Ligand code: WT7
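Numbering (full-length UniProt numbering), first residue to last: 1 to 652.
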């Protein structure tokens, strides 16, 4: 955290939804003095209910909390119909920019019609309320429509990021017991066509997912695809005869809107289950307050709909507010690393939300190739910048502030998680004085705190475990199919009923500002993507032909935040030189196939065995030092075979 303070400029304070620190404090006070009354007021103000709720919070089965239990609503109605009914149907909802720069504008009326058509097509195929639908689609209007259409009929969507492998997709389809997959022939990214449909085919092969009845395929590139008659159907054919109106399914507030799989410290990815009412409330509320979204804004969140950021800040939050947003198919470096700046200029983006990894790689690009430096673009439309997914280092923050924001745009460094549904600790742009590297203060109503292992508060200036002391509307409801794992992961008995985020944090002694110090479990954050070390280890050892044993740790990386380092013992003599390089490549490809390219280890180190204590425990702390390239100062006297430290010194 830096010691500089940036107070919001008058232009950001004036007219903001939360204007000035006094307004922020008043909201916090309201939440403190009447917690359920506060959330009830906002749920009534921000959402349209078919049947108003009378109960706010039911904590009788804690930690399985229920919010707005007897209320009924529909998320898609809230995101689409109500704006059209209010005479705002001609407003642009989505400005879609394809990989090749082609732009399509979709109004609220059009988005509603498309959503209704697909919702009807899904219903016609027997998809009912509560059924799970897997969405494995590129960034597209159709991807947003797919999510909205599921929400409309009360089907629970589970979006799988298009970078995940067939094996990962299969695991998720099986775990969710999905009845239908929505996909595309291919995705266009960076001038290349990448397969989607063939990966679905592989995932579903050999009747491995018997719950799947149908696969609907959006034709994006026109590339060649395999076809299973009776199972596969083109999206445009499925939509052809469908009416453009569709009565929404009015679901109870607790009805699961979606599952989203994310990595934990142990075992396979967990299906984080979110509600409809509480989730949508926080999606709308945080979009309104954290981004100060107004009718005049052009909002752009660069995340993929495969991650929670894309759910909350593309598909649900901005649309619930009737906003106008950019949806981008491509990548930040194509046709060159000026793409983001060029798009901000072209679409007059006013609010821009991206990840520190992207910023750091674009800094590097601008430093080596001046033409893609943001100073060559007109970014004067920008008024608010956002950061998400990992800590933003003060140097990247300063660059973002100065070169992208022209020194005038507040940066909201938003801390949250797949499990929290929306922002938890974040500045509000018209109120909070900013300190680079700090996510500042809790969102009004979020009881974030730092405690020790026994759940007792630690004083400011002393690091500890980040918890949330009270349930909040958009919190995870359960892990799909595994309520015990939900309890164990997030509500360990020693923490007195507090939600355990899994991050360490520290509050500044004077200001009370929060800084996230990183995960306290075996979860890595690589380019803002969450990866379990155990997951990567299992993927490596599943290469039974080659691998005898593997251990995975993270090390700091200038661009990606953390990098994956694998320590591997082979079933053959330890390789060196070119042979080691070739095997390292083979193992990376293997991991890409098992999980996805994002899980490829950056460094692979081979040893005759792994450093273990005499009692047989892998010395992970020592591995972390080795991974960082530090000289090992730790006591290695308990090490079974000290000679291997030298072998592990070489990374491939
Ligand atoms: C983990 C959650 C939140 C949407 C994208 C990631 C880290 C997230 C920040 C931030 C420092 C952050 C935490 C958290 N994280 N935002 N602003 N500052 N760390 O969601 O995949 O569920 O990952 O990302 O470690 O626990 P996710």
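Positions of the beta carbon are idealized from the N, C-alpha and C atoms, including for glycine. Since the structure is predicted, the reported quantities are computational estimates derived from the model, not experimental observations.
Asked, Found
"Fully enclosed by the segment 234-265, which beta strand (DSSP E) runs are 3 residues long or longer?", "258-262"
"How about residue 434 and residue 409: do their beta carbons lie closer than 8 Å?", "no"
"Taking all protein chains shown into account, do 16 or more other C-beta atoms lie within 10 angstroms of the C-beta of residue 186, making it buried, or fewer, making it exposed?", "buried"
"From the DSSP secondary-structure annotation, give me the bridge partner or partners of residue 612.", "618"
"Which partner residues of residue 353 appear in the DSSP bridge assignment?", "301 and 386"
"Considering only residues of the same chain and omitting the five flanking positions on each side of residue 144, which have a CB-CB separation below 6 Å?", "315"
"What does the alpha-carbon distance come out to for the pair residue 556 and residue 374?", "27 Å"
"Can you grab the Cα-Cα spacing for the pair residue 91 / residue 565, in whole Å?", "48 Å"
"Tell me the DSSP secondary structure of residue 58 in three-state form.", "strand"
"Any idea what DSSP makes of residue 148, helix, strand or coil?", "helix"
"In chain order, what residues of the same chain have a beta carbon less than 6 Å from the beta carbon of residue 602, not counting five sequence neighbours either side?", "563 and 564"
"Express the C-alpha separation of residue 287 and residue 323 in angstroms, rounding to a whole number.", "10 Å"
"Using a 10 Å radius around the Cβ and a threshold of 16 neighbouring Cβ atoms, would you call residue 621 buried or exposed?", "exposed"
"Thinking C-alpha only, which one of 158, 32, 48 and 647 is nearest residue 174?", "158"
"If we ignore side chains and look at the alpha-carbon of each, how far apart do residue 441 and residue 427 end up?", "6 Å"
"On the DSSP letters alone, give me the boundaries of the beta strand (DSSP E) that residue 91 sits inside.", "Neither: residue 91 is in no beta strand (DSSP E) and is coded neither H nor E."
"Check whether the Cβ atoms of residue 496 and residue 35 lie closer than 8 Å to each other.", "no"
"Throw me the rounded Cβ distance for the residue 418 and residue 474 pair, which I believe falls under 8 Å.", "Contact flag wrong, Cβ pair sits at about 11 Å."
"State yes or no: is the C-beta of residue 455 nearer than 7 Å to some heavy atom of the ligand WT7?", "no"
"Does the beta-carbon of residue 391, which I'm using as the reference point, lie nearer than 7 Å to any heavy atom of the ligand WT7?", "yes"
"Excluding the five sequence neighbours on either side, which residues of its own chain have a C-beta within less than 6 Å of the C-beta of residue 366, listed in chain order?", "372 and 373"
"Please find out if some non-hydrogen atom of the ligand WT7 comes closer than 7 Å to the beta-carbon of residue 637.", "no"
"Between residue 98 and the rest of its own chain, which residues show a CB-CB distance below 6 Å, the 5 nearest in sequence each way excluded?", "329"
"Compute the beta-carbon to beta-carbon distance between residue 554 and residue 524, rounded to the nearest angstrom, for a pair I have assumed lies under 8 Å.", "4 Å"
"If we ignore side chains and look at the alpha-carbon of each, how far apart do residue 499 and residue 617 end up?", "30 Å"
"For residue 431, name the three-state secondary structure that DSSP assigns.", "coil"
"Please find out if some non-hydrogen atom of the ligand WT7 comes closer than 7 Å to the beta-carbon of residue 49.", "no"
"What would DSSP say about residue 155, mapped onto helix, strand or coil?", "coil"
"Which value, in whole angstroms, describes the spacing of the CA atoms of residue 604 and residue 550?", "10 Å"
"Is the number of C-beta pairs between the segment 305-315 and the segment 147-162 that are closer than 8 Å three or more?", "yes"
"Would you decide whether residue 45 is buried or exposed? Buried here means 16 or more other CB atoms lie within 10 Å of its CB.", "exposed"
"Terminal residues of the continuous beta strand (DSSP E) containing residue 406?", "Careful: residue 406 lies outside any beta strand (DSSP E) and carries neither H nor E."
"Looking only at its chain, what residues have a beta carbon closer than 8 Å to the beta carbon of residue 467, apart from the 5 residues adjacent to it on each side?", "448, 449, 450, 451, 455, 495, 498, 499, 500 and 501"
"Could you spell out the range, first to last residue, of the beta strand (DSSP E) harbouring residue 270?", "270-274"
"In chain order, what residues of the same chain have a beta carbon less than 7 Å from the beta carbon of residue 31, not counting five sequence neighbours either side?", "38, 444 and 445"
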